[in-house]
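Under the working numbering, the first residue of the sequence shown carries the number 14, and numbering increases by one thereafter. Virtual Cβ for every residue (Gly too), placed ideally from N, Cα, C. Below you'll find the structure, written out as structure tokens, and then a few comments.
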Amino acid sequence: MEVLIAAAGRAVADAILARFPNSRRVAVLVGKGNNGKDALAAVEHLRESGWGANVFEGESLGAFDATDCDLILDGLLGAGLDRDVEGVEALAIDRATASGLPVVSIDVPSGVDGRTGQLRGQALRADLTVTFVRRKPGHLLLPGRDLCGAVIVAELPMPPGAIEAATEDAPPIFANEPALWRRYAAAPLSAHHKYDRGHAVVFSGGMAQTGAARLAAMAALRGGAGLVSLFSPASALLVNAHNLTGIMLKRCEGDDLPGLLEDKRLNVFVLGPGFGIGERARKMVGEVLSAGRRLVLDADGLTSFKDEPETLFQAAEAARVEEVALVLTPHFGEFARLFPDLASDKALSKVDQARLASRRANAIVVLKGADTVIAAPDGRAAINATGTAWLATAGTGDVLTGLIAAQLAQGLPSFEAACLGVWMHGRAAETFGPGLISEDLPNCLPAVHRELEEFAKADPTLPPRP
């Protein structure tokens with residue numbers, strides 16, 4: 014343990030010296046646990062570099078004063094915090110915040126629950142967080158993510174197999190980054206026919222509700238599907254025909270669907286954006302799943318099952334063969350309609366909620382938000398970190414459903430398809446920048462595809478895309 018503490022202290026000191034080269038005195042908050050020991054080890058290294066340090070621990074925390082300092086080192090409370098902050102710890106956090114000085118936190122900012130990202134009463138806002146070996150969920154889940162500042166992951170001299178042994182009984186949590194899915198993200202082979210890249214189908218709503226479906230369809234086409242069709246009721250055929258070029262259009266009333274499903278090349282479906290709520294949606298969902306197709310269900314499609322979610326979950330279980338057949342993409346309000354008990358349980362993190370819902374629904378669950386979580390029934394979960402606040406606008410969720418459908422159409426496993434679609438969606442928003450509206454996102458996807466190609470070129474050891 015002493016070797017690990019010394020290495021952690023050195024990593025923290027090195028990060029401070031690199032990031033704050035003009036600073037010379039640090040005020041140090043020292044807690045009772047290993048975070049406090051890491052902070053004291055860091056102070057030793059900083060003093061060797063000529064820094065001064067005012068150290069506050071135990072009861073002296075109540076007298077915390079950073080008046081003569083350039084920087085605050087936060088080693089007060091760690092990632093395992095499971096109680097609300099109070100007493101002298103709360104007072105020290107208040108004074109550190111009021112000082113206006115830059116803050117470097119060890120592991121997570123004090124007051125942030127490293128498992129859930131939630132605040133335990135109050136918390137510091139760090140300019141830099143130095144954590145070890147791997148990021149914690151609290152570095153990616155809100156509001157913790159907004160309090161971490163820049164995050165550095167430092168290596169420690171862990172014994173071989175120590176991390177694996179410590180986490181072998183825990184379901185894996187990933188950051189939704191290229192390492193998770195990049196072997197699936199290579200460009201199409203030149204010999205591929207368009208049908209090799211899949212044929213996605215999006216169901217349109219009625220005449221006055223067509224825009225959302227067209228957004229999803231265009232995203233599916235730009236996202237990589239070889240072909241995309243819009244299945245439209247007769248009342249909306251003319252308005253859809255007027256607004257479509259590269260997307261095919263087919264009449265589909267409720268009774269037409271079984272016949273259309275005989276075409277096995279139609280391999281993934283999207284239902285929900287602007288579709289309408291009710292029995293028609295439930296019937297068509299059942300027909301798609303019973304025909305052995307994968308389905309992305311969003312918006313009205315989700316709400317259609319709010320009074321009988323078990324019907325949906327049973328259909329998904331029956332449809333699953335080698336791959337999970339159903340992908341659900343709820344925002345929190347839609348999630349609460351299908352999983353009211355999970356949504357109301359304050360003891361559950363967002364990852365917990367998505368995992369439990371995924372297992373119950375026999376589906377991939379994409380629980381949307383600025384910190385979107387993707388979960389699979391086998392317990393895998395990923396937390397996304399791409400995107401901007403400009404995504405909080407009408408229609409961007411419809412684009413996401415189309416992007417996920419595009420990856421499914423190309424044959425990706427369902428969990429990886431959802432993760433890649435979510436990542437592409439966020440990167441497209443980052444590429445555009447301020448002023449984004451939903452119609453902008455599909456046109457940003459070529460730049461994202463180029464970035465994905467660069468990932469593949471950068472690692473020649475990756476096997477060919479399946």
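Only counting the same chain, and skipping five residues up and downstream in sequence, which positions put a Cβ closer than 6 Å to that of residue i?
i	result
Asp411	Ala225, Leu228, Ala229 and Pro286
Ala40	Asn67, Ala79, Cys82 and Ile85
Arg133	Leu94, Asp97, Val98, Gly124 and Asp126
Leu240	Lys207 and His212
Thr342	Asp311, Val379 and Thr414
Gln423	Arg210, Gly211 and Gly237
Leu449	Trp403 and Ala442
Arg32	Leu141
Met14	none
Ala112	The sequence shown places Ser at residue 112, rather than the Ala named in the question. Hits under 6 Å: Ala79.
Val56	Val41 and Ala66
Which of the three DSSP states is assigned to residue i in this structure?
i	result
Ser248	helix
Leu216	Looking at the sequence itself, residue 216 is Phe, so the reference to Leu does not match. Correct three-state label for Phe216: strand.
Met261	strand
Leu243	strand
Val98	coil
Asn35	coil
Met14	coil
Ser7	What the structure shows of the chain is the stretch from 14 to 479, and residue 7 is not part of that stretch, so it cannot be assessed.
Cys432	helix
Glu275	coil
Met171	coil
Gly113	coil
Glu12	Outside the displayed span of the chain (14 to 479) sits residue 12, for which this structure offers no information.
Ignore the nearest five residues each way along the sequence and tell me which others in residue i's own chain have a CB closer than 7 Å to its CB.
i	result
Ala338	Leu302, Arg307, Leu308, Ala329 and Ala332
Lys149	Ala92, Val121 and Gly127
Leu483	Only positions 14 to 479 of the chain appear in the structure, and residue 483 is not among them; the question remains open.
Pro322	Leu351
Ala304	Leu274
Give the straight-line distance between the Cα atoms of residue i and residue j, rounded to the nearest whole angstrom.
i	j	result
Ala460	Asp27	36 Å
Val143	Asp87	10 Å
Phe445	Glu70	47 Å
Tyr208	Ala376	26 Å
Glu347	Ala374	14 Å
Met297	Leu234	22 Å
Leu270	Ile260	19 Å
Ala109	Gly46	20 Å
Glu466	Cys432	17 Å
Ala232	Val283	11 Å
Phe318	Val214	21 Å
Pro479	Thr324	In this predicted model, Pro479 has a pLDDT of only 44, less than 50, meaning its place in the structure is not dependable; the value taken from the coordinates is given anyway. Roughly 33 Å separates the two Cα atoms.
Leu315	Gly434	19 Å
Ala54	Glu335	51 Å
Leu456	Asp276	Here residue 456 is Asn; the residue named in the question, Leu, does not match the sequence. In a straight line, the C-alpha of Asn456 is about 30 Å away from that of Asp276.
Arg147	Gly219	48 Å
Leu155	Leu193	21 Å
Asp313	Phe468	36 Å
Ala383	Ala398	8 Å
Gly400	Glu72	43 Å
Tyr197	Asn280	18 Å
Arg293	Ile119	54 Å
Gly267	Thr223	17 Å
Gly151	Pro191	20 Å
Go through its chain and collect everything with a Cβ distance to residue i's Cβ below 8 Å, but skip five positions before and after it.
i	result
Lys263	Ser242, Leu243, Phe244, Ser245 and Leu273
Leu104	Leu74, Gly75 and Phe77
Arg37	Gly63, Trp64, Gly65 and Asp83
Asp472	Arg195
Ala18	With the sequence shown as reference, residue 18 is identified as Ile, and Ala is not the correct amino acid for it. For Ile18, where only same-chain residues beyond five positions count, the Cβ hits under 8 Å are Asn47, Lys50, Asp51 and Ala54.
According to DSSP, what are the bridge partners of residue i?
i	result
Ser281	The displayed chain sequence assigns Val, not Ser, to residue 281. Answer is Ala213 and Arg307, bridged to Val281.
Gly88	Val43
Val379	Ile387
Val340	Val309 and Ile377
Asn67	Ala40
Thr142	Ser118 and Val164
Leu413	Leu413 pairs with nothing; no bridge assigned.
Ile186	Ala394
Leu132	Val125
Does residue i come within less than 8 Å of chain D when only Cβ atoms are used?
i	result
Gly287	No chain D appears in the structure shown, which is made up of a single protein chain.
Is the segment 356-374 in contact with the segment 402-410, if contact means three or more CB pairs nearer than 8 Å? no
For the segment 163-170 against the segment 368-388, are there 3 or more C-beta pairs whose distance is under 8 Å? no
Contact between the segment 350-358 and the segment 387-398 (3+ Cβ pairs under 8 Å): no
I'd like to know if the segment 132-139 and the segment 149-167 are in contact, where contact means that at least 3 CB-CB pairs between them fall below 8 Å. yes
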